[in-house]
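Residue numbers (the working numbering), protein chains in the order written: chain A, 92 to 365; chain B, 107 to 426; chain C, 4 to 335.
Glycine is no exception: its CB is placed at the ideal position from the N, C-alpha and C atoms.
What follows is a single structure, written as structure tokens, with notes after it.
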Amino acid sequence: MKLAKMSWSFKLSAGFLALIIILAIIIPMFSNLDPNGFDPNCIGEPAAPSIRHIFGTDDLGRDILLRLIYGARVSLTVGLVSVGIMIFVGIFVGTIAGYLGGWVDELIMRFVDVFMAIPTIFLILTIQILLKPSIYNVMFVIGLTSWTGVSRLVRAEILSIKERPFITAAYARGISHLRVLIKHILPHALNPIIVASMLGMGTAILTESVLSYLGLGIQPPHASWGNMLENSLSFMIDAPWMAIAPGVLISLTVLSLNFLGDFLRSGLNPRESK
Amino acid sequence: MKYIVKRVLLAIPLIIVMTFIAFLIMKLAPGDPANMYMDPSVSAQDVIQLKKNLGFDKPVGIQYVIWLKNILKGNMGYSYITSKSVFASITERLPATLLLSVSSMLLIIISTFPLGIIAGAKKGSFFDNAVTVLSFLGLSIPTFWLGLMFILFFSLKLDLLPTAGFMNPSLTNASFLIKAFDIGKHMLLPLLTILIGGLAVLTRYHRSGIINILEMDYIKAARARGLSETRILFKHAFKNAALPIITILGLSLPGLIGGSFIIEYIFSWPGMGQLGVSAIFARDYPILMGTILFSSALIIMGNLLADIAYAWIDPRIKKS
Amino acid sequence: MLKVKNLKTVFKVGDKSTVAVDGISFDVPKKSIVGIVGESGSGKSVTALSILDLLPNNGKVENGQIIYQDQNLQNLTKKEMQKIRGSEIGLIFQNPLASLNPVFSIGNQMIETILLHQDVNKKEAKALAIELLKKVNIPDPEHRINDYPHQFSLGMCQRIMIALTLSMKPTLLIADEPTASLDVTIQAQILDLLMKIKDEFDMSILIISHDLGVIAQFCDYIVVMYLGKIVEKGVPKEIFSNPQHPYTKALISAIPKPDPSAKTPVSLLRGDVPSTMNVPKGCHFHPRCPNVMPECSALIPTLEKVKNGSEVACLLYQIYPSEVVSNAKADD
């Protein structure tokens, strides 16, 4: 990839993400400030943005900026772990379907079709109701409901590559099936998987925010971008900053992830011209 | 024709599995269903009798079959909260959901075509870049938050549109036109919210579809015959690009419908989605299961329609 | 009728420019068939696209004049050029199936074109289309007019393309590799068809091909191109019996002859055709030339008339001194 040719959107996105990540890691490590602690001057009603509280406070007097940073930790973690699960299951299922082919492939793909036909949000909400909402089952549930796209990608790659002459040549050299799979076939799927990961992370963050907003995700008092929006509706008229700040942050983060993912997609694919 | 039959046949096992999943969810729900229907002062004997009536003493497999038979007869059980028939509760909500979903889908399709065509034809232009950035934004902004922002801006700050609901109840006896206009006012914000998300997804695909098509030989040949760029774009390129859009629309149905449920909830739009989401919070499992069944069925039917439409329009499939 | 003078077409690839056609000149007189022959990279297809202003976005005609019936096509506006396309100068492509829009019936596409170029109503246009399909030997045209491109064979698609072009009644037809994707027997049919319509419709044809066999069959005049330049021009008889340029000689001797007893010496060329990004300095052909001389890497030969009537661009035959490296002017 030619570094010099990277567009400004790429640099901006990467820079923004880096900033968020750094803040999310460093601030909790080095600061004593308690995101759940309230400013005694502001109890009772949310304070507008001021020098002391750059983004204002919420209805319990907690500084919003600080909560946003701690919330970043949550959102990023959820994003990463969910995507990890998504990739793992997706690669597993996709590889079995694509490599073995035949009725196994048919069966698995029918199952995937069913899975994809259920509105994911609904499924997630339902499952969260059945279990007790916590950060762990949020990550698992998101991961376990978003793997279908990856599995299709992986399956498609495997199907298109496994009949190619150079693969047959590898078998002819006596290399075992497993080794061929891992060393020769799967690396081709790497590109789309990386792209899917970036985009998947964005989706995971969005999903987590919806869940938390509805009270089925990260539980208060812990801060998450989603649950910071939870009671903002009632304060919308008087304290709009409570609702605006977390949403803007979510949007910008997911936007950066999408830009990066799209950039990687066109950067890694030599045939596509933007 | 054979193609259509094949697709219909494939949809059936899909529906069956769907019902099984919905049934499982019902069964997994914590709490004894029998208790849900009654007050605690009832005697233990009656509880056992009720359980027998509800068929809970039979093995799970048989329960599933009985349940399935009931479903097909239209008996989906009764709400834990209102004790009203699930089937009735959902069907009375269906029109509102259909109104919102179908209008939004139509709007999305109508808007994405010119946007994608012009952005693709003028690749790299200001218009194209603007469309691309806006599409990315549309994909990245949380839909529910967008809805909230719209409410904040248009309803609360500007007081232009109502915050929630379907229609001003004082208008129940007003003329059809006035009612329709009021419903439209209520529908505008939720519609807009769905539109932005859906448009973002489709326009990107459409745009790249157009870009690919414009490099095809038949486009060059059409130019060589002296056809104008407008005709080439809006007739020759368009029809070829429209086909994959139908498929993509089908694929994004689950996302669109799921999203519209949340939107119904936020805007208190009295549709199936709002019912379902509320049921989740109220732990009203029968309603929940009914909603899952209905929405999944809607999605599968939508996909089927998309497949049929595709096969009908693409002569390469129709004539083989 | 068509006079191309010093045509130079360049393409922008990244931040570099490559010259695809480097100052070529040739004529296509009325009612004649001129053939441009050359291998890949010779610039022959680009020439056709340049004439009709159909170059892709990164291509541009940098220099030269394209005079069609006393009008310089380079000076026309986009709308005027659009009128020329099809109704004056037609173009058919190499891949006939890909040249037809797969989602519309051939009737739809033909009627569309007819309505655009002639003052008739839809019914008349349909009748005309059926007539033309008959003329190009498509069986059962009344019914097949409603069929879609994928329902025809490649050979039939090419006929349909020819019918489409005919419907516009051009005076010049440019055929870019019209038979390259067809089987040999079908090739013969198509070429035959082209001959027939040339006579019947009084057209000129500019045929572009890499296949000397195709060119040999019916051209009145042959232009040989290599890497963007014309190396030899002449009548078929002379080109085939007395090729002058070393490249032409190699091309001729490479034609397989079905006579086992005749063992003609095959003039083998070294190396491959260089990419247009790396055009050799001086004579474009000199790195592969069996008769190369030291001055060939420094001087660009110009086209000059030689004894047998052909024009050749080769320092072997050069009488007048040419200019060093860039800026070669072809005398006509």
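Need the endpoints of the beta strand (DSSP E) that residue i sits in, please.
{"i": "residue 228(C)", "result": "224 to 229"}
{"i": "residue 46(C)", "result": "Where residue 46(C) is concerned, there is no enclosing beta strand (DSSP E), given that its DSSP letter is neither H nor E."}
{"i": "residue 234(C)", "result": "232 to 237"}
{"i": "residue 178(C)", "result": "175 to 179"}
{"i": "residue 207(C)", "result": "207 to 212"}
Within the 8 Å Cβ cut-off, does residue i reach chain B?
{"i": "residue 329(C)", "result": "Caution applies to residue 329(C), whose pLDDT of 39 falls short of 50 and renders its modelled position unreliable; the model cannot decide the point."}
{"i": "residue 241(A)", "result": "no"}
{"i": "residue 61(C)", "result": "no"}
{"i": "residue 182(C)", "result": "no"}
{"i": "residue 201(A)", "result": "yes"}
{"i": "residue 285(C)", "result": "no"}
{"i": "residue 237(A)", "result": "no"}
{"i": "residue 155(C)", "result": "no"}
{"i": "residue 210(A)", "result": "yes"}
{"i": "residue 345(A)", "result": "yes"}
{"i": "residue 96(C)", "result": "yes"}
{"i": "residue 319(C)", "result": "no"}
{"i": "residue 361(A)", "result": "Confidence at residue 361(A) is low in this model, with a pLDDT of 45, below 50, so its placement is unreliable and the value that follows should be read with caution. So, not an interface residue."}
{"i": "residue 46(C)", "result": "no"}
Identify the contact partners of residue i in chain C, using a Cβ-Cβ distance below 9 Å as the criterion.
{"i": "residue 413(B)", "result": "Simply none; closest approach about 17 Å."}
Can you check DSSP and say which residues form a bridge with residue i?
{"i": "residue 6(C)", "result": "30(C) and 70(C)"}
{"i": "residue 14(C)", "result": "21(C) and 62(C)"}
{"i": "residue 88(C)", "result": "92(C)"}
{"i": "residue 184(B)", "result": "191(B)"}
{"i": "residue 307(B)", "result": "None; residue 307(B) has no bridge partner."}
{"i": "residue 308(C)", "result": "314(C)"}
{"i": "residue 36(C)", "result": "208(C)"}
{"i": "residue 75(C)", "result": "70(C)"}
{"i": "residue 297(A)", "result": "Residue 297(A) is not bridged to any residue."}
{"i": "residue 148(A)", "result": "154(A)"}
From the beta carbon of residue i, is the nearest beta carbon of chain A less than 8 Å away?
{"i": "residue 396(B)", "result": "no"}
{"i": "residue 360(B)", "result": "yes"}
{"i": "residue 251(B)", "result": "yes"}
{"i": "residue 316(B)", "result": "no"}
{"i": "residue 389(B)", "result": "yes"}
{"i": "residue 166(B)", "result": "no"}
Interface residues of chain B around residue i at Cβ under 7 Å?
{"i": "residue 331(A)", "result": "258"}
{"i": "residue 85(C)", "result": "332 and 334"}
{"i": "residue 349(A)", "result": "242, 245 and 246"}
{"i": "residue 293(A)", "result": "246"}
Of all the options the options, which has the alpha carbon lying nearest to the alpha carbon of residue i?
{"i": "residue 76(C)", "options": "94(C), 95(C), 54(C) and 89(C)", "result": "54(C)"}
{"i": "residue 232(A)", "options": "174(A), 349(A) and 268(A)", "result": "174(A)"}
{"i": "residue 360(B)", "options": "345(B), 379(B), 188(B) and 372(B)", "result": "379(B)"}
{"i": "residue 370(B)", "options": "109(A), 343(A), 182(A) and 213(A)", "result": "213(A)"}
{"i": "residue 325(B)", "options": "191(C), 105(C), 30(C) and 192(C)", "result": "105(C)"}
{"i": "residue 71(C)", "options": "30(C), 22(C) and 99(C)", "result": "30(C)"}
{"i": "residue 179(C)", "options": "139(C), 42(C), 62(C) and 113(C)", "result": "42(C)"}
{"i": "residue 278(A)", "options": "351(A), 252(A), 242(A) and 319(A)", "result": "252(A)"}
{"i": "residue 202(B)", "options": "112(B), 290(B) and 299(B)", "result": "290(B)"}
Residue i CB to nearest chain C CB: under 8 Å?
{"i": "residue 340(B)", "result": "no"}
{"i": "residue 296(B)", "result": "no"}
{"i": "residue 334(B)", "result": "yes"}
{"i": "residue 417(B)", "result": "no"}
Using a Cβ cut-off of 8 Å, pull out every chain B residue sitting near residue i, in sequence order please.
{"i": "residue 162(C)", "result": "What residue 162(C) touches in chain B: nothing, since even the nearest Cβ is about 14 Å away."}
{"i": "residue 105(C)", "result": "324, 346, 421 and 422"}
Could you name the residues of chain A that residue i contacts, counting a contact when the two beta carbons are closer than 9 Å?
{"i": "residue 304(B)", "result": "Chain A residues near residue 304(B): none, gap ~14 Å exceeds 9 Å."}
By the criterion of Cβ-Cβ separation under 7 Å, what are the contact partners of residue i in chain A?
{"i": "residue 262(B)", "result": "327 and 328"}
Which stretch, first to last residue, makes up the alpha helix (DSSP H) that contains residue i?
{"i": "residue 357(B)", "result": "344 to 373"}
{"i": "residue 195(C)", "result": "187 to 204"}
{"i": "residue 123(C)", "result": "From DSSP, residue 123(C) is part of no alpha helix (DSSP H); its letter is neither H nor E."}
{"i": "residue 327(B)", "result": "323 to 330"}
{"i": "residue 145(C)", "result": "144 to 147"}
{"i": "residue 111(B)", "result": "108 to 134"}
If the cut is a Cβ gap below 8 Å, which residues of chain A does residue i touch?
{"i": "residue 402(B)", "result": "208, 209 and 210"}
{"i": "residue 367(B)", "result": "210, 212 and 213"}
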